[in-house]
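Residue numbers (this note's numbering), protein chains in the order written: chain A, 1056 to 1320; chain B, 21 to 339.
C-beta: ideal position from N, C-alpha, C; glycine also.
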């Protein structure tokens, strides 16, 4: 059975200084030089796939990274951990920012003919995605879809999978027939991706990353919301600094001046 | 213009979702709209409803089985859309609302956007505003095709007021819940660690400064003395010092308490996004350069445990 992990690395925006936050004429930030990271959901998705593979060796794992110049390090990490194949999509790049339907269309076209039974994404496919890419991909493929997935294992019955998802007040366990799209959220079972051994890293360093350059969709044909403007959100508050001599002085001033009235209102 | 407001009345967060939707409508500019409520329920309908200070033209009820399956909701909504043809379907905040907006947009051949803060709606255009780049920038999007399927951004806190809906025409959707061959079985474990952080009036949110599971236990006791719910940043949860249900931030709870005390927290964007709707923020950290101070109303540079313990004494003495 072939399973695909699709992800879009996140830029480490904490590295940006004040003047880096000004978008250019194409409404893009210059973040190409910024370090990229896997989101917590992508890490969990990859870890769950590795666990599923450990339980059932017939699963063949493939990873596809989207739109990121620095994706190779993430893909090499996944190869080191046991993914069989790793690919990087290079085109189209910038047009897909904040365009989950374009992401989903590209993925759907990539999957057609690939004979995958399971596609796993994180709940955030890049910045501000909110699980849209995974949901739209399932709609395009006509496959079952479950979001906020916290765990999954192949069930003994062929072509079926047992999936757990965290809802507001309960954990729901589904057994569903494959193929399926899963969007992974928080998981206590697999909160972080395992670390490869040095031997695994060395082996992966010699492996090649496939570059997928085909035009997988015509972005202009997609009726997605069009980005018209970007403006800063000012979240700074007028901070008052408490300067007492001891922690007790500061706590007393905090309570007397700022909290007592609020707590008793 | 017809706008359908989509909410899950079975959800424990129903009133918070309604309140977030009301705030969204307050922040939006909408020309000549007629509102309809589309509400999901299981077995019993609530006798009072959050009507958001609107006079809805109709309330349409959709009975769904437990546990809620999105596929069942979508089939009912497609039928309701075919009948009523609203130009806008406004979905509640959170993962369920986001999924509904994305999938309805596809099924109804319209446009979808999630976590919108507000909207400018006229008979000829729809512009939605959404925070992007880890909530640093506000993006303005033009939505090309109706129906515009929009989910509301989470802003936490508050519950919408209830009122009698006796004057509003109500009816039930007759669309049968479809069976899906791919769904082989479903069962449920009730989660005992249900977090009410999003509705809490006071939150003590701690970061790596707690240092250990024992440190977290110590602040848990202080939180109780302060009458606050305990929240934690992602590193605290990743270290297994705290439960996933305490997670505050972009991947956990978005909170909006009257008082938020952020102690031992660096102030990473993912965390700050989770607390930025708080009415009053106190930051305590022994690093004066910590980013959290920029988001705080009051800043204290000191040992978090000593300050919090002294604060708990003040509160205890006063009560």
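query                                                                                                                  : result
Selected residue, minimal CA-CA separation from residue 1127 of chain A, among A:1250, A:1259 and A:1253               : A:1259
Cutoff 7 Å; reference residue 1138 of chain A; Cβ partners in own chain excluding five residues on either side         : 1116, 1117 and 1118
CB contact flag (residue 291 of chain B, residue 303 of chain B, <7 Å)                                                 : no
Beta-carbon spacing of residue 1135 of chain A, residue 1064 of chain A below 7 Å                                      : no
Residue-level contact to chain B via CB, residue 1281 of chain A, 7 Å cutoff                                           : yes
Separation of residue 1293 of chain A from residue 328 of chain B, as counted between CA atoms                         : 22 Å
Stretch pair the stretch 1164-1177 of chain A + the stretch 139-149 of chain B: three plus CB contacts closer than 8 Å : no
Per-residue burial, residue 156 of chain B [other beta carbons within 10 Å of its own, 16 or more giving buried]       : buried
Neighbour list for residue 1241 of chain A in chain B, Cβ cutoff strictly below 8 Å                                    : 264, 267, 271 and 272
CB contact below 7 Å: residue 1140 of chain A versus chain B                                                           : no
Residues of the stretch 1083-1096 of chain A whose Cβ lies closer than 9 Å to any Cβ of chain D, in chain order        : Protein chains in the displayed structure are A and B, and chain D is not among them.
Check whether residue 248 of chain B and residue 223 of chain B have beta carbons under 7 Å apart                      : yes
Neighbouring residues, chain A, relative to residue 160 of chain B (Cβ below 7 Å)                                      : 1283 and 1284
Residue interval of the beta strand (DSSP E) (run including residue 133 of chain B)                                    : 131-141
Chain-ordered chain A contacts of residue 317 of chain B [CB-CB under 7 Å]                                             : 1292, 1294 and 1295
C-alpha distance - residue 239 of chain B paired with residue 250 of chain B, whole-angstrom precision                 : 8 Å
C-beta contact flag for residue 1204 of chain A and residue 1233 of chain A at 7 Å                                     : no
Nearest neighbour of residue 175 of chain B, chosen from B:146, B:277, B:338 and B:31 [CA to CA]                       : B:277
7 Å Cβ shell around residue 164 of chain B - same chain, five flanking residues per side excluded                      : 131
Coarse secondary structure for residue 161 of chain B, derived from DSSP in three states                               : strand
Supposed contact pair residue 24 of chain B and residue 110 of chain B - C-beta distance, whole angstroms, cut 8 Å     : 7 Å
Through-space distance from residue 154 of chain B to residue 1079 of chain A, alpha-carbon basis                      : 18 Å
Sheet register partners of residue 249 of chain B (DSSP bridge)                                                        : B:223
For residue 58 of chain B, the residue or residues it bridges with in DSSP                                             : B:26 and B:80
Pair within 7 Å by beta-carbon distance, residue 29 of chain B and residue 61 of chain B                               : yes
Chain A contact residues for residue 300 of chain B, given Cβ-Cβ distances below 7 Å                                   : 1317
Span of the beta strand (DSSP E), counted from its first residue to its last, around residue 342 of chain B            : A query on residue 342 of chain B cannot be resolved here, the shown segment of chain B reaching from 21 to 339 and no further.
Inter-residue Cα distance where the pair is residue 229 of chain B and residue 321 of chain B                          : 13 Å
Proximity of residue 1218 of chain A and residue 1201 of chain A at Cβ, strictly below 7 Å                             : yes
CB contact check: residue 1068 of chain A to chain B, cutoff 7 Å                                                       : yes
Local Cβ density within 10 Å of residue 1312 of chain A, reported as buried at 16 or more and exposed below that       : exposed
Residue span of the alpha helix (DSSP H) that contains residue 37 of chain B, given as start and end                   : 34-47
Proximity winner among A:1316, A:1267 and A:1276, relative to residue 1142 of chain A (alpha-carbon distances)         : A:1267
For residue 1254 of chain A, the nearest candidate out of A:1132, A:1167, A:1303 and A:1246 (CA to CA)                 : A:1132
C-alpha distance - residue 1124 of chain A paired with residue 298 of chain B, whole-angstrom precision                : 37 Å
Start and end residues, beta strand (DSSP E) containing residue 1257 of chain A                                        : Unbroken run through residue 1257 of chain A is the alpha helix (DSSP H), 1253-1260; no beta strand (DSSP E).
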